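Comments concern the structure below.
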């Protein structure tokens with residue numbers, strides 16, 4: 001830790017968003033994420049076949065003019081399945097970010113602010129974090145039953161503690177600051193201090209963390225689907241397509257190739273976005289790492 | 001130091017009690033009646049009742065909980081539904097394959113991760129550094145099970161160099177054991193290689209700015225001694241702290257990787273337990289893996305305090 005390092009001075013004349021546009025990691029990440037988002041939004045327009053329509057006579061068509069990414073053992077269009085699959089991944093990832101973010105933020109704020117709650121809450125979070133992430137998610141969905149909603153619940157249980165830890169760390173520093181004492185002296189209630197004074201100041205690290213939670217959730221959802229614990233087939237999730245194609249690796253590797261590329265590009269975009277945001281929102285971090 | 005270890009042990013016991021409570025609660029999450037779900041669709045009422053009695057589900061919650069803790073205390077995690085024998089025994093039998101896989105993957109992680117991080121740091125901002133960092137972020141973005149499948153296509157189907165799956169026990173043939181683990185271990189390691197390379201790089205950059213490194217250079221020591229000995233000692237501190245995380249990621253990954261490569265380990269046992277709704281086995285597997293993680297973190301924490309004398313034990 002270089003304690004003497006000060007945040008890099010930014011020129012007044014530069015609009016804040018210019019800094020973002022000049023950051024290569026942030027820009028690359030944003031472009032990748034936007035592309036996947038567009039794929040999800042425009043899935044109806046850019047595909048010609050329904051993702052679930054089977055045509056056995058055209059099974060195992062290699063990628064080419066008629067089938068951009070080839071077809072699977074039932075003659076389903078992989079391009080169409082990958083495009084529609086992006087909706088499932090984004091929806092599950094986003095819902096996990098919202099649920100894990102809300103629960104984690106609340107727990108983190110309470111643990112950081114009320115010292116008496118800290119020990120109990122954080123030991124419970126430690127216990128949840130002791131389970132390997134995928135195993136816990138898989139265990140929970142095995143009990144609740146495989147579905148998109150249950151995948152979101154399971155992934156939120158897995159990632160809320162990791163979010164709580166980040167928010168608690170910020171709260172612990174903030175609660176000792178003068179502006180919190182001033183707010184208290186002015187008669188602000190605890191709820192007001194938590195929501196109006198502490199929460200906004202935690203947002204930087206929280207946004208960075210939630211970007212990574214999104215990335216983990218997309219990866220974990222793919223793994224859950226692959227193991228048969230995601231939205232049940234024939235739903236076109238990226239993990240389901242790979243699980244279906246697994247038996248035909250020798251003759252039709254393209255069935256597995258393209259959904260895996262889609263997962264990698266999405267997660268890469270989110271990871272770059274998260275790294276970029278961390279640099280941009282916390283200048284000290286950048287000085288440390290570069 | 002003794003006080004530190006004692007306090008750390010107490011916290012560990014609390015966390016272990018909570019971990020076993022969470023593992024136990026998995027059965028409570030099953031909507032409706034777990035016995036009906038476990039018995040399957042074709043079961044008669046008598047069969048369901050038999051299962052309810054066999055697994056103690058006819059007892060009130062607190063009795064079930066006491067039985068669960070009493071069982072764990074003597075190493076009994078209940079009976080598996082599908083295997084017809086003790087959960088503990090079934091899990092222990094599958095451990096060697098998973099530990100072997102994790103060991104090979106761990107060695108790969110440490111070698112590639114630390115080497116890549118150190119090279120990137122000493123060539124900071126060069127194209128080598130940038131290439132390594134791009135590869136590292138790709139490494140943490142690729143799903144391991146998909147990487148495994150693609151490597152089967154490349155190295156087993158197209159090049160015919162390595163087996164597409166299966167496992168040879170070490171005792172049978174150490175050479176074949178290693179060969180059978182190369183692809184799965186690499187698929188499992190890539191994520192951690194990326195993670196470790198990034199952490200090693202920033203720790204190394206941090207260290208290289210320290211005065212004692214300049215002193216070492218100034219007194220004319222060869223560069224490789226300054227980097228390899230003086231700097232590495234400090235770089236190892238943050239690296240040791242993430243060993244627990246690496247281990248946890250590997251156990252997570254082993255569920256999918258063992259399924260992809262047909263390795264008879266803990267992960268594949270869990271994957272099949274999930275599909276057959278074998279709740280006692282799922283509970284036991286969760287408890288075992290989490291307990292291993294908690295104990296490894298305890299060792300890491302003590303090791304960490306030992307390696308870095310700056311850490312105070314209070």
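Protein chains in written order, with my numbering: chain A, 1 to 290; chain B, 1 to 314. All C-beta atoms, glycine included, are put in the ideal place defined by N, C-alpha and C. On a predicted model such as this, the values are computed, not experimentally measured, just so you know.
Given residue i, which residues of its chain have a CB within under 7 Å of its CB, disregarding the five upstream and five downstream residues?
i                     : result
residue 5 (chain B)   : 302
residue 223 (chain A) : 134, 239
residue 234 (chain A) : 52
residue 81 (chain A)  : 51, 236, 241
residue 265 (chain B) : 94, 97, 98, 101, 254, 258
residue 254 (chain A) : 62, 63, 69, 70, 78
residue 145 (chain B) : 256, 257, 260
residue 72 (chain B)  : 20
residue 290 (chain A) : With a pLDDT of only 36 at residue 290 (chain A), under 50, the local geometry of the prediction cannot be trusted, and no value is derived from it.
residue 33 (chain A)  : 269, 270, 273
residue 49 (chain B)  : none
residue 285 (chain A) : Any reading at residue 285 (chain A) must be qualified, since the residue scores a pLDDT of 47, below 50, and its modelled position is unreliable; no value is offered.
residue 147 (chain B) : 187, 190
residue 109 (chain B) : 189, 192, 193, 196, 246
Use the C-beta contact count for residue i: other C-beta atoms within 10 angstroms, 16 or more gives buried, fewer gives exposed.
i                     : result
residue 2 (chain A)   : Because the pLDDT at residue 2 (chain A) is just 45, under 50, the model does not fix this residue reliably, and the value given afterwards should be weighed accordingly. Answer is exposed; the Cβ neighbour count stays below 16.
residue 277 (chain B) : buried
residue 116 (chain B) : buried
residue 179 (chain A) : exposed
residue 306 (chain B) : exposed
residue 315 (chain B) : The structure shown does not extend to residue 315 (chain B), since chain B is modelled only from 1 to 314, so the question has no answer here.
residue 270 (chain B) : buried
residue 243 (chain B) : buried
residue 111 (chain B) : exposed
residue 161 (chain A) : buried
residue 289 (chain B) : buried
Going by beta carbon distance, what residues of the same chain come within less than 8 Å of residue i, once the five residues before and after it are set aside?
i                     : result
residue 252 (chain A) : 60, 62, 70, 72, 73, 245
residue 161 (chain B) : 155
residue 314 (chain B) : For residue 314 (chain B), the predicted structure reports a pLDDT of 48, less than 50, and the residue's modelled location is therefore unreliable. The matter cannot be settled from this model.
residue 136 (chain A) : 128, 154, 157, 158
residue 228 (chain A) : 146, 243
residue 241 (chain B) : 300, 304
Among the residues of its own chain, which have a CB less than 6 Å from the CB of residue i, if the five just before and after it don't count?
i                     : result
residue 26 (chain A)  : 20, 276
residue 271 (chain A) : 215
residue 121 (chain B) : 201, 204, 205
Going by the CB atoms, is the gap between residue j and residue i shorter than 9 Å?
i                     : j                     : result
residue 261 (chain A) : residue 153 (chain B) : no
residue 239 (chain B) : residue 196 (chain B) : yes
residue 125 (chain A) : residue 154 (chain A) : no
residue 127 (chain A) : residue 118 (chain A) : no
residue 265 (chain A) : residue 56 (chain A)  : no
residue 208 (chain A) : residue 281 (chain A) : yes
residue 267 (chain A) : residue 141 (chain B) : yes
residue 281 (chain B) : residue 83 (chain B)  : yes
residue 46 (chain A)  : residue 91 (chain A)  : no
residue 128 (chain B) : residue 138 (chain B) : no
residue 102 (chain A) : residue 230 (chain A) : no
residue 91 (chain B)  : residue 81 (chain B)  : no
residue 18 (chain B)  : residue 123 (chain A) : yes
residue 256 (chain A) : residue 108 (chain A) : no
residue 34 (chain B)  : residue 279 (chain B) : yes
TODO: Would you list, in chain order, the members of the region 227 to 256 of chain A that have their beta-carbon closer than 7 Å to a beta-carbon of chain B?
DONE: 227, 228, 229, 242, 246, 249, 250, 253, 256
- [ ] Would you be able to state if there are at least three C-beta pairs under 8 Å between the region 117 to 137 of chain B and the region 274 to 289 of chain B?
- [x] no
Task: Sufficient close CB pairs (3 or more, under 8 Å) joining the region 126 to 142 of chain A to the region 240 to 255 of chain B - done: yes
Task: At least three beta-carbon pairs within less than 8 Å, the region 94 to 103 of chain A to the region 255 to 268 of chain B - done: no
Task: Contact set between the region 109 to 130 of chain A and chain B, restricted to residues whose Cβ is under 8 Å from the partner - done: 123, 124, 126, 127, 128, 130
Task: Contact residues within the region 17 to 38 of chain A, judged by C-beta distance below 9 Å to chain B - done: 25
Open item on the list: Three or more C-beta pairs under 8 Å: does that hold for the region 36 to 48 of chain B against the region 63 to 73 of chain B?
Closed with: no
TODO: Mind checking the region 120 to 146 of chain B against chain D and listing, in chain order, the residues whose C-beta falls within less than 7 Å of any C-beta there?
DONE: Judged by its chain identifiers, the structure shown contains no chain D, and its protein chains are A and B.
Task: Residues of the region 262 to 277 of chain B with Cβ closer than 9 Å to any Cβ of chain A, in chain order - done: 267, 270, 271, 273, 274, 275, 277
TODO: Would you check if the region 200 to 214 of chain B and the region 168 to 187 of chain B touch, i.e. whether three or more CB-CB distances between them fall below 8 Å?
DONE: no
Open item on the list: To be precise: take each residue of the region 192 to 225 of chain A, compare its Cβ to all Cβ atoms of chain B, and keep it if any distance is under 8 Å. Which residues remain?
Closed with: 215, 219, 222, 223
TODO: Decide yes or no for the touch test of the region 170 to 179 of chain A against the region 197 to 208 of chain A: beta carbon pairs closer than 8 Å, at least 3 of them.
DONE: yes
Task: Proximal residues, the region 52 to 70 of chain A versus chain B, C-beta separation under 7 Å - done: none
- [ ] With 9 Å as the C-beta to C-beta threshold (strictly closer), list the residues of the region 267 to 282 of chain A near chain B in chain order.
- [x] 267, 268, 269, 270, 271, 272, 275
TODO: Quick one: which residues of the region 4 to 26 of chain B get their C-beta closer than 7 Å to a C-beta of chain A? List them in chain order.
DONE: 14, 15, 18, 19, 22, 26
Task: Residues, ordered as in the chain, of the region 72 to 99 of chain A that lie near chain B by beta-carbon distance below 9 Å - done: none
- [ ] Taking only beta carbons into account, state which residues of the region 151 to 172 of chain A come closer than 9 Å to chain B, listed in chain order.
- [x] none
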